[in-house]
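Undergrad: So the protein lines, in turn, are chains E and G. For the first sequence, this note's numbering assigns the number 12 to the initial residue and increments by one for each residue that follows. For the second sequence, this note's numbering assigns the number 12 to the initial residue and increments by one for each residue that follows. Where is the CB? At the ideal position from N, CA and C, for every residue including glycine.
2 protein chains.
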Amino acid sequence: MSQTVIFTNDVADALNRLVVQGGYHSVAVLTDEHTRQLVLPLLSPCEALRRATHITIAAGESHKTLESLTQVWTALQQSGATRQSLLVNLGGGLVTDLGGLAASTFKRGIPFVNVPTTVLGAVDAAVGGKTGIDFGGLKNEIGTFCPANAVIVSACFFDTLPREEVMAGYAEMVKHAMLQSGDELNRVLDTDFGHCTPEHMLELVEASVQVKRRIVAEDPTEQGLRRALNLGHTVGHAIESFALERGKPVRHGYAVAWGLVVESVLSHLRQGFPSEVLYRLARFVRENYGAFHITCDDYDRLLQLMRHDKKSRHGEINCTLLRQCGDVALDVTVSDDDMKAAIDIYRDLMGI
Amino acid sequence: MSQTVIFTNDVADALNRLVVQGGYHSVAVLTDEHTRQLVLPLLSPCEALRRATHITIAAGESHKTLESLTQVWTALQQSGATRQSLLVNLGGGLVTDLGGLAASTFKRGIPFVNVPTTVLGAVDAAVGGKTGIDFGGLKNEIGTFCPANAVIVSACFFDTLPREEVMAGYAEMVKHAMLQSGDELNRVLDTDFGHCTPEHMLELVEASVQVKRRIVAEDPTEQGLRRALNLGHTVGHAIESFALERGKPVRHGYAVAWGLVVESVLSHLRQGFPSEVLYRLARFVRENYGAFHITCDDYDRLLQLMRHDKKSRHGEINCTLLRQCGDVALDVTVSDDDMKAAIDIYRDLMGI
Chain E
12 MSQTVIFTND VADALNRLVV QGGYHSVAVL TDEHTRQLVL PLLSPCEALR
62 RATHITIAAG ESHKTLESLT QVWTALQQSG ATRQSLLVNL GGGLVTDLGG
112 LAASTFKRGI PFVNVPTTVL GAVDAAVGGK TGIDFGGLKN EIGTFCPANA
162 VIVSACFFDT LPREEVMAGY AEMVKHAMLQ SGDELNRVLD TDFGHCTPEH
212 MLELVEASVQ VKRRIVAEDP TEQGLRRALN LGHTVGHAIE SFALERGKPV
262 RHGYAVAWGL VVESVLSHLR QGFPSEVLYR LARFVRENYG AFHITCDDYD
312 RLLQLMRHDK KSRHGEINCT LLRQCGDVAL DVTVSDDDMK AAIDIYRDLM
362 GI
Chain G
12 MSQTVIFTND VADALNRLVV QGGYHSVAVL TDEHTRQLVL PLLSPCEALR
62 RATHITIAAG ESHKTLESLT QVWTALQQSG ATRQSLLVNL GGGLVTDLGG
112 LAASTFKRGI PFVNVPTTVL GAVDAAVGGK TGIDFGGLKN EIGTFCPANA
162 VIVSACFFDT LPREEVMAGY AEMVKHAMLQ SGDELNRVLD TDFGHCTPEH
212 MLELVEASVQ VKRRIVAEDP TEQGLRRALN LGHTVGHAIE SFALERGKPV
262 RHGYAVAWGL VVESVLSHLR QGFPSEVLYR LARFVRENYG AFHITCDDYD
312 RLLQLMRHDK KSRHGEINCT LLRQCGDVAL DVTVSDDDMK AAIDIYRDLM
362 GI
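(1) Spatial neighbours of alanine 293/G within its chain, please: C-beta separation below 6 Å, excluding the five flanking residues on both sides.
(2) Can a CB atom of chain G be found closer than 8 Å to the CB of glutamine 14/E?
(3) Secondary structure at aspartate 194/E, three-state DSSP: helix, strand or coil?
(4) In the segment 88–102 of chain G, which residues sit with their C-beta less than 9 Å from some C-beta in chain E, listed in chain order?
(5) Given a cut-off of 8 Å on the beta-carbon distance, is the pair alanine 113/G and leucine 87/G in contact?
(6) In the DSSP assignment, find the unbroken alpha helix (DSSP H) run with asparagine 27/E in it and report its ends.
(7) In or out: leucine 26/E buried (at least 16 other Cβ within 10 Å) or exposed?
(8) Does the separation of the CB atoms of valine 246/E and methionine 184/E fall below 8 Å?
(9) Using a Cβ cut-off of 7 Å, pull out every chain G residue sitting near isoleucine 153/E, in sequence order please.
(10) For glutamate 251/G versus alanine 268/G, is the C-beta distance shorter than 8 Å?
(11) Report the residue from Ala188/G, Ile66/G and Ile226/G whose alpha carbon sits nearest the alpha carbon of valine 288/G.
(12) Residue range of the beta strand (DSSP E) that arginine 334/G falls in?
(13) Between the Cα of isoleucine 354/E and the Cα atoms of Leu341/E, Gly326/E, Asp311/E and Thr344/E, which residue gives the shortest distance?
(14) If you follow the alpha helix (DSSP H) that lysine 141/E is in, where does it begin and where does it stop?
(15) Between the Cα of leucine 51/E and the Cα atoms of Pro127/E, Ser90/E and Tyr357/E, which residue gives the shortest distance?
(16) Grab the span of the alpha helix (DSSP H) containing aspartate 308/G for me, first residue to last.
(17) Would you call the CB atoms of isoleucine 163/G and isoleucine 68/G closer than 8 Å?
(18) Answer yes or no: does any C-beta atom of chain E fall closer than 8 Å to that of phenylalanine 156/G?
(19) Relative to the C-alpha of arginine 334/G, which residue among Lys259/G, Arg257/G and Ser286/G is closest?
(20) Identify the contact partners of lysine 150/G in chain E, using a Cβ-Cβ distance below 9 Å as the criterion.
(21) Could you list the residues in the segment 70–84 of chain G with a C-beta less than 9 Å from some C-beta on chain E, going in chain order?
(22) Compute the beta-carbon to beta-carbon distance between glutamate 274/E and leucine 242/E, rounded to the nearest angstrom, for a pair I have assumed lies under 8 Å.
(23) Determine whether the beta carbon atoms of glycine 180/E and valine 130/E lie at a separation below 8 Å.
(24) Would leucine 97/G and glycine 33/G qualify as a contact pair, given that the criterion is a beta-carbon distance under 8 Å?
(25) Output the boundary residues of the beta strand (DSSP E) element that contains leucine 341/G.
(26) Assuming phenylalanine 123/E is part of the beta strand (DSSP E), what are its boundary residues?
(27) Strictly below 9 Å CB to CB, what residues from chain G border glycine 120/E?
(28) Residue ranges of each beta strand (DSSP E) run of no fewer than 3 residues wholly in the segment 35–88 of chain E, ordered along the chain?
(29) Determine the contact status of arginine 297/E and glycine 362/E, defining contact as a CB-CB distance below 8 Å.
(30) Between threonine 331/E and alanine 254/E, is the Cβ-Cβ spacing less than 8 Å?
(31) Quickly, what does DSSP pair tyrosine 161/G with across the bridge? List them, please.
(32) Work out the CA separation of leucine 41/E and cysteine 1/G for me, nearest whole Å.
(33) Using the Cβ count rule (16 or more neighbours within 10 Å means buried), how would you classify valine 31/E?
(34) Excluding five sequence neighbours on each side, which residues of the same chain lie with their C-beta closer than 7 Å to the C-beta of arginine 358/G?
(35) Taking phenylalanine 123/E as the query, report the chain G residues whose CB atoms sit under 9 Å from its CB, ordered along the chain.
So this is what it looks like as structure tokens:
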């Protein structure tokens, strides 16, 4: 399952080249209302898109539905798309996941190119080939494994995003950097992403994608090393579910940022992870993500949620930890006492 | 894309073995109203099916829809099916095509087994891995390429079918035999399938499947030899469309039978295909399928439809012909005069 990944901030040129080289019968471009309004105008120099059929779905995760998928199928059909037509998915995870599913099932599969426009999409969508829609209340319940023919990763659309959206994606980049090396983590934490150039941001994104590609390549069937990518997620998922239960949902990326702090504390307590790196990370998270408030009354429910995590076995809490940046300890069983101690320290670090 | 094909008339035993070996979390069985009523009772000894979740969709090609697909997804979800659950598709092309699509997209793909219950399904569904539903008025517009984990091919359900349904599938077996050898064609034409044993029928079906497997294996990407499988279909598709236009639709298999006669005439005229085989085939088709009535006024429209066939290039009529049984001439361009002469002779042979 190989796919071409192109890192560039000249998306219009990259798309034109792909379309010319592919010799497609026709081109359709899928956006949601946001990316149609904010991103598409930035690609006005793209000849290929100007002549394309435009398909726009409603924005927001609540529209990752069979209805939107049907809308895309119908539009492809009405545009006369054939198996030699190309679908360009221009947007965040909603558009690339749903558009990938539409393309992989229309006439039993037509070529498609993903152009992620969010930080998370750029870091995440470039690898893996998962497509999907939500169904019956469950996330990505219907989907396929089908890699895009090409993914164009760029940083030139991030200015169109709300700051919270950028930060949510940035948390995954922090995670990837921690899995790579101390130097990489410093580079990511040192970046003033409010004011850095698209060129610098693209470099960081490319480095981040390469970390994930390396890990996935070493463990394509998710037997071992790939679980390293769960760093921050045992605690992060619990925080996300907990916040949802309280009726105050938080973004996944934010929950991961807080989870990275708690699991770095655990890494320090259990694996000798350096305290100075922990402090630096905690300060970065506090300043950029704020603190997720936890009181002693919440501990039991949080631990319960961690035990129900899909990575958990036999009802024990299971985490990916670090001995140091780039040195992963997989599948560490964590006692209730250690977890509670780690949350205590997290609260201190966050100033709660 | 390999898949296990099991030829047996003890389907209950074969299914039980597959389920035990697979160690699935749960099993669901998909039928349509006909196969639920007529076929399922024949499998009452099957322990695995007795404990399965039963999903039944409406019978008939008009129900090969997104609505039926949604019904299957919902039923799988409500039964608590996981990625380690098995879906058994028990029925004709509607059930195996639609069930295959449901399984290949539910949670991005769960294992499935096809148990074709029609002659066409047995001969056709065992090879290829195509799934699909109709959409926006077009056949199999939405689908995937996804081979079943196993296909159980049997002849023990054919008694539940109307004679026309059996004959429609038998036309494809005649075609496969013609692509194999004169001996194989004789064996198929000699069979009194109204009265032959399931064991004998299973032998014929297995031989037929092996012809298709050999051809597909030699040309998996449909570049050359695989087009041999179009034998009878250039004329057959035109007859099918023509009959539909006249408001008197005919079964695909019947149209193929008549198409085989016309294209055998062409094979005789253009490639020296032996006249005695042509006469034998024509008699068999006349006796078992009757004649499709064509008058001179119909020729122009029929030829027009042939020129619009997907195999046609530059508006020419293109056929797969035979020098003799088993000796294929691919992509033969046929002039209007030759085609009209062939239809003239077809009308003589059919006694029209």
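TA: Let me lay it out:
(1) Val272 and Leu360
(2) no
(3) helix
(4) Gln88 and Gln89
(5) yes
(6) 22–33
(7) buried
(8) no
(9) Trp84, Thr116 and Phe117
(10) no
(11) Ala188/G
(12) 328–335
(13) Asp311/E
(14) Segment: none, lysine 141/E is in no alpha helix (DSSP H) and carries neither H nor E.
(15) Pro127/E
(16) Premise fails: aspartate 308/G is in no alpha helix (DSSP H) and is neither H nor E.
(17) no
(18) yes
(19) Ser286/G
(20) The premise fails here: lysine 150/G is roughly 11 Å from chain E at the closest Cβ pair, so nothing lies under 9 Å.
(21) Leu77, Thr81 and Trp84
(22) 6 Å
(23) yes
(24) yes
(25) 338–345
(26) 123–127
(27) Gly154, Thr155 and Phe156
(28) 38–43 and 64–68
(29) yes
(30) no
(31) It should be noted that the sequence gives alanine, not tyrosine, for residue 161/G. Alanine 161/G is bridged to Thr15/G and Val124/G.
(32) Nothing about residue 1/G can be reported from this structure: the residues present for chain G run from 12 to 363 only.
(33) exposed
(34) Ile305
(35) What phenylalanine 123/E touches in chain G: nothing, since even the nearest Cβ is about 14 Å away.
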